[in-house]
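2 protein chains.
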Amino acid sequence: MKVAYLGPRGSFCSVVAEYAFPTDKRCAYDSIIEVIEAYEQACCDFALIPIENSTEGSVTMSIDKLFHDSKADVVGEFTLPISQNLLGHASEQPLELIYSHPQALAQTRNYLRAHYPYAQVQVMPSTSAAAEFVQQHPERPIAAVANYQAAEMFDLEILAENIQDSAQNTTRFWLLGKDKQRFDLPVQGQKVSLALTLPHNLPGALHKAISVFAWRDIDMTKIESRPLKTQLGQYFFVIDVVNNKENRSKISFAIEELVTLGVQVRVLGDYLVYAVDEV
Amino acid sequence: MKVAYLGPRGSFCSVVAEYAFPTDKRCAYDSIIEVIEAYEQACCDFALIPIENSTEGSVTMSIDKLFHDSKADVVGEFTLPISQNLLGHASEQPLELIYSHPQALAQTRNYLRAHYPYAQVQVMPSTSAAAEFVQQHPERPIAAVANYQAAEMFDLEILAENIQDSAQNTTRFWLLGKDKQRFDLPVQGQKVSLALTLPHNLPGALHKAISVFAWRDIDMTKIESRPLKTQLGQYFFVIDVVNNKENRSKISFAIEELVTLGVQVRVLGDYLVYAVDEV
Chain A
1 MKVAYLGPRG SFCSVVAEYA FPTDKRCAYD SIIEVIEAYE QACCDFALIP
51 IENSTEGSVT MSIDKLFHDS KADVVGEFTL PISQNLLGHA SEQPLELIYS
101 HPQALAQTRN YLRAHYPYAQ VQVMPSTSAA AEFVQQHPER PIAAVANYQA
151 AEMFDLEILA ENIQDSAQNT TRFWLLGKDK QRFDLPVQGQ KVSLALTLPH
201 NLPGALHKAI SVFAWRDIDM TKIESRPLKT QLGQYFFVID VVNNKENRSK
251 ISFAIEELVT LGVQVRVLGD YLVYAVDEV
Chain B
1 MKVAYLGPRG SFCSVVAEYA FPTDKRCAYD SIIEVIEAYE QACCDFALIP
51 IENSTEGSVT MSIDKLFHDS KADVVGEFTL PISQNLLGHA SEQPLELIYS
101 HPQALAQTRN YLRAHYPYAQ VQVMPSTSAA AEFVQQHPER PIAAVANYQA
151 AEMFDLEILA ENIQDSAQNT TRFWLLGKDK QRFDLPVQGQ KVSLALTLPH
201 NLPGALHKAI SVFAWRDIDM TKIESRPLKT QLGQYFFVID VVNNKENRSK
251 ISFAIEELVT LGVQVRVLGD YLVYAVDEV
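Here the protein sequences come in this chain order: A and B. Numbering-wise (full-length UniProt numbering), the first sequence opens with residue 1 and increments by one. Numbering-wise (full-length UniProt numbering), the second sequence opens with residue 1 and increments by one.
So, in structure tokens, the structure goes:
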């Protein structure tokens with residue numbers, strides 16, 4: 001079995017891939033788009049992509065690509081606590097430049113501004129790439145924001161630990177695939193994710209769509225609006241609802257009712273949520 | 001009067017600033033955070049920031065900074081049609097690298113992949129910075145994605161025009177300030193924007209909050225969820241509703257009812273929407 005994931009090795013996505021598929025072939029791709037396309041072109045059996053971070057919000061590239069250019073099903077979700085660290089070389093020199101992926105820089109913005117007000121931040125394609133760059137320039141007063149794995153992989157010192165602004169920093173990852181495999185990880189729950197496109201000619205369409213779940217007491221854990229890319233003000237909505245014994249048949253009825261209202265419904269997936277505890 | 005905006009000169013934000021404040025002092029800042037902080041520290045009378053693009057969605061940095069770290073009021077909105085172009089030096093050599101801001105690269109992703117499948121894309125802090133970099137390296141087979149202003153400003157050739165993937169590519173900008181100035185630009189409408197934080201102990205809270213507008217026939221033009229940055233699954237919601245003669249008092253009642261439900265309501269602004277037509 002083969003799983004494609006957002007690389008490079010050492011990325012948070014690779015940590016999840018190792019936990020979920022310890023003995024399978026894991027292939028790193030450079031971008032979320034390439035991961036999803038690898039799956040669409042049947043180059044792999046599963047694809048693993050980040051979908052939401054508790055501080056920075058949805059990974060819009062994942063949601064948009066999945067909605068616009070893919071028919072893949074979500075067959076699992078993994079949640080990973082995110083620990084960001086400042087990695088570099090022990091030195092007396094004050095840091096001049098700090099490198100990382102934009103999401104990691106955003107997650108540590110307040111810390112960096114408070115502790116390194118004079119250091120400039122510079123965007124890199126990934127946290128691993130940032131760590132690798134710092135490794136390659138030991139003579140320069142620079143550092144990278146990345147995870148523990150990157151410190152080990154690139155033999156860097158951890159100058160500061162757990163520097164993320166929000167203590168409860170967690171990222172959700174979606175697994176795309178055909179088979180609903182069971183993983184040997186703690187299960188946190190079960191969810192159904194839907195993408196809804198509302199009809200233009202239905203006044204208060206979003207309210208009516210949400211009512212379908214509300215009056216059935218189906219818990220909605222998330223609603224996200226994303227542009228349809230047609231014109232300003234036109235959106236599709238991604239809705240996550242809790243699935244359990246009580247809800248199962250109610251969700252089917254809710255979807256039928258949505259269709260009757262003229263709402264286009266795509267079931268993105270009905271999946272278990274697993275917790276990955278990073279060591 | 002002084003207006004702070006997201007620079008550098010030649011950016012889309014600077015185009016709006018020039019239209020709205022042709023005779024006032026306009027100060028470019030390097031980041032959205034710095035623009036909002038300049039306003040908070042009373043270094044300027046107005047601040048202009050991008051808030052949403054029709055293809056790429058919300059500028060989450062603007063919404064988050066405004067919600068979490070600022071009390072500024074929105075006193076106006078500007079919509080600008082966005083035209084992206086490929087700028088460079090006329091040459092026979094195939095392009096090897098294309099530079100731009102991540103949003104501009106995202107807006108032209110399909111075009112670039114179709115026409116320059118072998119060129120790598122490289123992120124820059126702004127479209128103007130990308131154009132400037134290309135200007136400084138006339139010997140290299142590189143190009144920048146940027147607007148017409150940048151072509152003029154950095155004396156580059158337009159290698160391809162209007163390369164954005166969505167023909168109707170438009171960006172909304174918010175003006176923060178104290179005074180509701182009238183601008184000499186066509187008015188497209190009037191809106192009220194609210195940030196809602198829902199109570200934990202109210203089942204179906206989002207449905208109830210939206211109902212407050214729906215049963216009053218108040219048109220909601222946008223709903224956006226953003227993380228509260230506390231933990232995964234905790235959000236605040238930004239809602240835009242149409243304001244007009246009929247709605248005015250209904251909106252006040254709706255807000256009162258939200259407060260009664262235990263919803264924390266922040267009125268981000270009640271403002272006119274102006275159309276800027278880029279030349």
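Beta carbons are placed, not taken as given, at the ideal position from N, Cα and C, and that holds for glycine.
| Item | Value |
| --- | --- |
| Residue-level contact to chain A via CB, B:H207, 8 Å cutoff | yes |
| Test: B:G204 CB closer than 8 Å to a CB of chain A | yes |
| Alpha-carbon spacing of A:P50 relative to A:D184, whole angstroms | 20 Å |
| Reduced DSSP secondary structure (H/G/I, E/B, other) of A:V279 | Note that A:V279 scores 45 on pLDDT, short of 50, meaning its location in the model is unreliable and no value can be drawn from it. |
| Cβ pair A:L159, A:Q135 closer than 8 Å | no |
| Of the residues B:D73, B:E256 and B:A150, the one placed nearest B:L268, counting alpha carbons only | B:D73 |
| Residue burial classification, A:Y274 (beta-carbon count within 10 angstroms, cutoff 16) | buried |
| Contact set between A:Q168 and chain B, taken where Cβ atoms lie within less than 8 Å | T230, Q231 and L232 |
| Through-space distance from B:L202 to A:M220, alpha-carbon basis | 12 Å |
| A:K222: contacting residues in chain B (beta-carbon distance under 8 Å) | S225, G233 and Y235 |
| A:S70 beta carbon less than 8 Å from that of A:Q164 | no |
| Inter-stretch contact at 8 Å, needing at least 3 Cβ pairs: the region 138-146 of chain A / the region 84-102 of chain A | yes |
| Residues of the region 40-66 of chain A with Cβ closer than 9 Å to any Cβ of chain B, in chain order | E52, N53, S54, T55, E56, G57, S58, T60, M61 and D64 |
| Which of helix, strand or coil DSSP assigns to B:L175 | strand |
| Limits of the unbroken beta strand (DSSP E) element including B:V3 | K2 to L6 |
| Boundaries of the alpha helix (DSSP H) in which A:C44 is found, first to last residue | No alpha helix (DSSP H) holds A:C44; DSSP gives it neither H nor E. |
| A:T108 at chain B interface by Cβ criterion, 8 Å | no |
| Own chain partners of A:A47 with C-beta closer than 8 Å, once the 5 adjacent residues on each side are dropped | V3, A4, Y5, V35, I36, A38, Y39, A72, L175, L176 and G177 |
| Start and end residues, beta strand (DSSP E) containing B:F237 | Y235 to V242 |
| Cβ-Cβ distance between B:L206 and A:I33 below 8 Å | no |
| Chain A contact for B:I32 (CB, 8 Å cutoff) | no |
| Members of the region 260-278 of chain A that neighbour chain B once the beta carbon cut-off is set at 8 Å | none |
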